[in-house]
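Trainee:
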Amino acid sequence: AQLYNISVDEIKKHNTSLYSENLRKGDKIQIPEYGTVKIKSNLANTIKKYTVLPKEGKWRVAYKFGISVPELEALNLGMTEDLQVGQEINVPNIADNEEKVVEESFDYYTVLPKEGFYRLKVKLGLDQEQLEALNPELEDGNLKEGMVLKVPLNTTNSIDLVDIDRTSLAKNITNFDKKRLAVMIPFRLDRIDFDSINKVKNQIKSDGLLSISLDFHTGVLMAIDSAKQLGISTKLDVYDTKGKVTEVSSIISDNDFSNYDAVIGPFIANNFDRAANMLKRDNVPAVSPLTVPKNLYDNTFQTVPSDDLLMSKIVNFVKQDSTPKTIIVIADEAHRATSNAIKAEFDNVKQIFSRKNKDGKEGFYILSDDLPTILKEGRNYVFLETASEGFISNVSSMLNGFNGITMEGPKDRPIEVNREVILVTTKKEDAFEGENISNFDLSSLKFHYPSYNLDYDSEKRNTFVERYQRTYRGLPNRYATRGFDVTMDILLRLASADNLYKAADSAIETQYVESKFRYTKKLFGGYYNEAVFIVKYDDLKIVEVKQ
Numbered sequence: 128a129q130l131y132n133i134s135v136d137e138i139k140k141h142n143t144s145l146y147s148e149n150l151r152k153g154d155k156i157q158i159p160e161y162g163t164v165k166i167k168s169n170l171a172n173t174i175k176k177y178t179v180l181p182k183e184g185k186w187r188v189a190y191k192f193g194i195s196v197p198e199l200e201a202l203n204l205g206m207t208e209d210l211q212v213g214q215e216i217n218v219p220n221i222a223d224n225e226e227k228v229v230e231e232s233f234d235y236y237t238v239l240p241k242e243g244f245y246r247l248k249v250k251l252g253l254d255q256e257q258l259e260a261l262n263p264e265l266e267d268g269n270l271k272e273g274m275v276l277k278v279p280l281n282t283t284n285s286i287d288l289v290d291i292d293r294t295s296l297a298k299n300i301t302n303f304d305k306k307r308l309a310v311m312i313p314f315r316l317d318r319i320d321f322d323s324i325n326k327v328k329n330q331i332k333s334d335g336l337l338s339i340s341l342d343f344h345t346g347v348l349m350a351i352d353s354a355k356q357l358g359i360s361t362k363l364d365v366y367d368t369k370g371k372v373t374e375v376s377s378i379i380s381d382n383d384f385s386n387y388d389a390v391i392g393p394f395i396a397n398n399f400d401r402a403a404n405m406l407k408r409d410n411v412p413a414v415s416p417l418t419v420p421k422n423l424y425d426n427t428f429q430t431v432p433s434d435d436l437l438m439s440k441i442v443n444f445v446k447q448d449s450t451p452k453t454i455i456v457i458a459d460e461a462h463r464a465t466s467n468a469i470k471a472e473f474d475n476v477k478q479i480f481s482r483k484n485k486d487g488k489e490g491f492y493i494l495s496d497d498l499p500t501i502l503k504e505g506r507n508y509v510f511l512e513t514a515s516e517g518f519i520s521n522v523s524s525m526l527n528g529f530n531g532i533t534m535e536g537p538k539d540r541p542i543e544v545n546r547e548v549i550l551v552t553t554k555k556e557d558a559f560e561g562e563n564i565s566n567f568d569l570s571s572l573k574f575h576y577p578s579y580n581l582d583y584d585s586e587k588r589n590t591f592v593e594r595y596q597r598t599y600r601g602l603p604n605r606y607a608t609r610g611f612d613v614t615m616d617i618l619l620r621l622a623s624a625d626n627l628y629k630a631a632d633s634a635i636e637t638q639y640v641e642s643k644f645r646y647t648k649k650l651f652g653g654y655y656n657e658a659v660f661i662v663k664y665d666d667l668k669i670v671e672v673k674q
């Protein structure tokens, strides 16, 4: 078939005995002869250099030049996961009129390993004939891993047409004007007795909000210093909001905020809402670093993804798993609405709710008898929706007992059952990190959840962590790191465009120590970050799941 450039099916069609017998050496067979052979007209040299354009990722370039993603990677050994605008790569040297155009009126799909036409029909709802009509190159049965297929718009599991340019903005600095930043932090310095060092230390330990404020502030200062090394000069003003809405109003009323390039904070939702509302009259960007704002005004930048967005990300992640699977949702009464929302996203979802105690109140537990008939052989995704540490401990321990190979049924005739149980949640509450929670159970269950931050890998070299240790003689916590990430992203965006609004391109995703940012503008409102990590427990470590 390869020698004569025809399909195996065509050979069998003209040699019907091959449907029941294997081809043996010396057999004579008929080979169909076609009038013309269409050959792609490669130019003199088979490879040429190509400069990556804005919003182009691997799949788009591969489709443009009629090759698969693995073939593109083979032409560019050492190619990183994400392409940078202006990057030069190797591509097939075909004529310009043979380059394909990505049409916005269609979606596109990248063929996964071992996917045939049957699997694509199940996944995309398109049979072989329909796929061939849209992709003529498939007519020879030439379906292979990594191929990019054109499919109708809004086809399930297709690629988002907007390629994400995960880029280092440090390479795109064009605006070297001095940046003006204001940070509004609830230090509440009026409560501190500065006459006693011991009292100050004790207050820092006992006052959680003060501790968060100080740590975040150290991260801001580290970002400004890092930006300075890139040639970005910053004028920083820090305001103590004292944690009060009235103080926020006074600060903005008594000072000229119109010339700030951005204002970070306040931390508390009500206080931020007041600040953003007052700043919008001068169109000054207000950046919410730690909470989801109540109102997304035109000038608001929401850095923390909403719970709805987190939920949609993990639900879509589970949907994209083409392996046959069972979906189960275990929840307490407080999360019944979440359980019902998850049920609406999948077919044949099984729901389990926490049992009542003797007094008729919620007991935050289930029984082992609740699970055997619901957990099926093969892969099981179990959503656990609760903020109860005891309930998490109860469920995770019980699920782990059903994970893997178990012997079930009558004692005299036990049956071997093989299950893979994957624990999932739409929102990782603090209770998942409680002292009564077994990390061994979570790791064994490959616990998956969405998150807007990913703890840095302490085993890998990290220049921010090293510099922070030298400066403050300690490791940065998540608030210090968040202060650095948010501030660094703002400064680099300001340095790569005229203002923060122009720098908030939804096709640009940035990533720093623990956070990543990709802003989308609401039709009637401000900007929200939709960059979310999917992470999992793996061998007692928390790692990112590549999507």
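The sequence shown: position 321 = 448 (this note's numbering), numbered continuously. All C-beta atoms in this analysis are idealised placements derived from N, C-alpha and C, irrespective of residue type, glycine included. Predicted model, so just to flag it, every value in this text is computed and none were measured.
Determine the extent of the beta strand (DSSP E) in which Phe428 is found, giving its start and end residues.
Mentor: Translated into positions along the sequence shown, residue 428 becomes position 301. Thr427 to Gln429 is the span of the beta strand (DSSP E), which, as asked, contains Phe428.
Trainee: Any contact of the segment 565–576 with the segment 475–489, i.e. 3+ C-beta pairs under 8 Å?
Mentor: Too few Cβ pairs lie closer than 8 Å, so no.
Trainee: Quick check: the segment 506–521 against the segment 450–461, are at least 3 beta-carbon pairs closer than 8 Å?
Mentor: With a cut-off of 8 Å, the segment 506–521 and the segment 450–461 count as touching, because enough Cβ pairs lie within range.
Trainee: When you compare the CB positions of Pro462 and Glu512, do they come within less than 9 Å of one another, or not?
Mentor: Taking the sequence shown and counting its residues from 1, the one referred to as residue 462 is at position 335. Taking the sequence shown and counting its residues from 1, the one referred to as residue 512 is at position 385. This sequence places His at residue 462; Pro is not what is there. Cβ distance < 9 Å, so His462 and Glu512 count as in contact.
Trainee: Put Asp435 into one of helix, strand or coil per three-state DSSP.
Mentor: What you label residue 435 is simply residue 308 of the sequence shown in a count that begins at 1. Correct three-state label for Asp435: helix.
Trainee: Quick one, which of Asp367, Lys176, Asp223 and Ile138 has its alpha-carbon nearest Ile158's?
Mentor: Start at 1 with the first residue of the sequence shown, and residue 158 comes out as number 31. Here the closest residue by C-alpha is Ile138.
Trainee: Please tell me whether Lys185 and Val238 are closer than 9 Å, where the distance is taken between their beta carbons.
Mentor: The sequence position of residue 185 within the sequence shown is 58, counting from 1. The sequence position of residue 238 within the sequence shown is 111, counting from 1. No, these two residues do not count as a Cβ contact at 9 Å.
Trainee: Residues in the same chain with beta-carbon distance under 8 Å from Met521, minus the five sequence neighbours each way, listed in chain order, please.
Mentor: As a first step, residue 521 is located in the sequence shown; it is residue number 394 there, counting from the start. The sequence shown places Asn at residue 521, not Met. Here the set comprises Phe491, Tyr492 and Ile493.
Trainee: Look at the alpha carbon of Ser204 and the alpha carbon of Arg187, and state the distance between them as a whole number of angstroms.
Mentor: Here residue 204 corresponds to residue number 77 of the sequence shown, with the count starting at 1. Here residue 187 corresponds to residue number 60 of the sequence shown, with the count starting at 1. It should be noted that the sequence gives Leu, not Ser, for residue 204. Cα to Cα, the separation comes out at about 18 Å.
Trainee: Determine, using beta-carbon pairs with one atom in the segment 364–384 and one in the segment 633–649, whether at least three such pairs fall under 8 Å.
Mentor: Segments in contact, no.
Trainee: Just grab the DSSP bridge partners of Val278 for me.
Mentor: In the sequence shown, counting from the first residue as 1, residue 278 sits at position 151. Paired residue(s): Asp234.
Trainee: What separation, rounded to the nearest whole angstrom, lies between the Cα atoms of Asp616 and Phe644?
Mentor: Position 489 of the sequence shown, counted from the first residue, corresponds to residue 616. Position 517 of the sequence shown, counted from the first residue, corresponds to residue 644. If I take the Cα positions, the gap works out to 8 Å.
Trainee: Using C-beta distances below 6 Å, list every residue in its chain close to Ala350, excluding the 5 sequence neighbours before and after it, in chain order.
Mentor: Your numbering for residue 350 matches position 223 in the sequence shown. Phe611, Thr614 and Met615.
Trainee: Given 8 Å as the limit, is there contact between the segment 312–320 and the segment 375–384, that is, 3 or more CB pairs closer than that?
Mentor: Touching, no.
Trainee: Answer yes or no: do Val411 and Phe384 have a C-beta to C-beta separation smaller than 9 Å?
Mentor: Reading the sequence shown from its first residue, position 284 is the one you call residue 411. Reading the sequence shown from its first residue, position 257 is the one you call residue 384. Closer than 9 Å, so yes.
Trainee: Should Phe518 be labelled buried (16 or more other beta-carbon atoms within 10 Å of its own) or exposed?
Mentor: Counting from 1 along the sequence shown, the entry for residue 518 is found at position 391. Per the 10 Å Cβ criterion, buried.
Trainee: Is the CB of Tyr424 under 9 Å away from at least one CB in chain D?
Mentor: Looking for chain D here will not work: only one protein chain is present.
Trainee: What is the rounded straight-line gap between the Cα of Val390 and the Cα of Ile379?
Mentor: Locating residue 390 in the sequence shown gives position 263, counting from the first residue. Locating residue 379 in the sequence shown gives position 252, counting from the first residue. In a straight line, the C-alpha of Val390 is about 11 Å away from that of Ile379.
Trainee: Go ahead and pull the three-state DSSP assignment for His575.
Mentor: Within the sequence shown, residue 575 is the residue found at index 448, counting from 1. Here His575 sits in strand by DSSP.
Trainee: Taking the alpha carbon of Asn626 as the point to measure from, which residue in Leu308, Thr173 and Lys175 has its own alpha carbon closest?
Mentor: Your numbering for residue 626 matches position 499 in the sequence shown. Looking at the Cα atoms, Leu308 is the closest of the given residues.
Trainee: On the three-state DSSP scale, how would you describe Arg401?
Mentor: The residue you call residue 401 lines up with position 274 of the sequence shown. Arg401: helix per DSSP, three-state reduction.
Trainee: What residue from Asp342, Lys673, Glu225 and Met525 has the CA that sits closest to Arg605's CA?
Mentor: For the purposes of this step, residue 605 is taken as residue 478 along the sequence shown, with counting starting at 1. Comparing Cα positions, the closest option is Asp342.
Trainee: Taking the alpha-carbon positions, what's the Val442 to Asp304 distance?
Mentor: Stepping through the sequence shown from its first residue, residue 442 is reached at position 315. Stepping through the sequence shown from its first residue, residue 304 is reached at position 177. So the two alpha carbons sit approximately 43 Å from each other.
Trainee: May I ask you to verify whether the segment 652–662 touches the segment 574–592, counting CB pairs closer than 8 Å and requiring at least 3?
Mentor: With the cut-off at 8 Å, the segment 652–662 and the segment 574–592 touch.
Trainee: Below 6 Å CB to CB, which residues in the same chain sit around Ser433 once its five sequence neighbours on both sides are set aside?
Mentor: Residue numbering aside, residue 433 sits at position 306 when the sequence shown is read from its first letter. The answer, listed in chain order, is Val419.
Trainee: Look up Glu671 in the DSSP assignment and give the residues it is bridged to.
Mentor: Indexing the sequence shown from 1 puts residue 671 at position 544. The partner list for Glu671 (beta bridge, DSSP) reads Val662.
Trainee: If Phe399 and Gly653 are in contact, beta carbons under 8 Å, what's the gap, nearest whole angstrom?
Mentor: Here residue 399 is taken as the residue at index 272 of the sequence shown, counted from 1. Here residue 653 is taken as the residue at index 526 of the sequence shown, counted from 1. With 8 Å as the limit, Phe399 and Gly653 do not qualify as a contact, their Cβ atoms being about 12 Å apart.
Trainee: Mapping the DSSP letters down to three states, classify Gln157 as helix, strand or coil.
Mentor: Counted from its first residue, the sequence shown places residue 157 at position 30. Coil, per DSSP.
Trainee: Starting from Ser415, trace the beta strand (DSSP E) both ways and give me its first and last residue.
Mentor: Position 288 of the sequence shown, counted from the start, is the residue given in the question as residue 415. Its beta strand (DSSP E) spans residues Ala413 to Ser415.
Trainee: Is the Cβ-Cβ distance between Tyr583 and Val544 less than 9 Å?
Mentor: Counting from one through the sequence shown, the residue named residue 583 turns up at place 456. Counting from one through the sequence shown, the residue named residue 544 turns up at place 417. Taking 9 Å as the Cβ cut-off, Tyr583 and Val544 do not qualify as a contacting pair.
Trainee: Among Lys554, Lys503 and Asp352, which has the Cα closest to the Cα of Thr465?
Mentor: As a first step, residue 465 must be located in the sequence shown, where it is residue number 338. Selected option, being the one with the closest Cα: Lys554.
Trainee: Any heavy atom of the ligand PLP closer than 8 Å to the CB of Ile617?
Mentor: The ligand content of the structure shown is nil, which means the ligand PLP is not present either.
Trainee: Assuming Ser623 and Asn426 make a contact with CB atoms under 8 Å, what is their CB distance in whole Å?
Mentor: For the purposes of this step, residue 623 is identified with residue 496 of the sequence shown, where counting begins at 1. For the purposes of this step, residue 426 is identified with residue 299 of the sequence shown, where counting begins at 1. Actually they are not in contact, since the Cβ atoms of Ser623 and Asn426 sit about 19 Å apart, beyond 8 Å.
Trainee: Determine, using beta carbons only, whether Leu619 and Ala222 come nearer to each other than 9 Å.
Mentor: Against the sequence shown, residue 619 aligns to sequence position 492. Against the sequence shown, residue 222 aligns to sequence position 95. Cβ distance not < 9 Å, so Leu619 and Ala222 don't count as in contact.
Trainee: Between Pro197 and Gly268, how many whole angstroms is the CB-CB distance? I'm expecting something under 8 Å.
Mentor: Taking the first residue of the sequence shown as position 1, residue 197 is located at position 70. Taking the first residue of the sequence shown as position 1, residue 268 is located at position 141. That pair is no contact at about 18 Å.
Trainee: What residue range is occupied by the uninterrupted alpha helix (DSSP H) comprising Asn507?
Mentor: Looking up residue 507 in the sequence shown gives position 380. Per DSSP, Asn507 belongs to no alpha helix (DSSP H); it is in the beta strand (DSSP E), Gly505 to Glu512.
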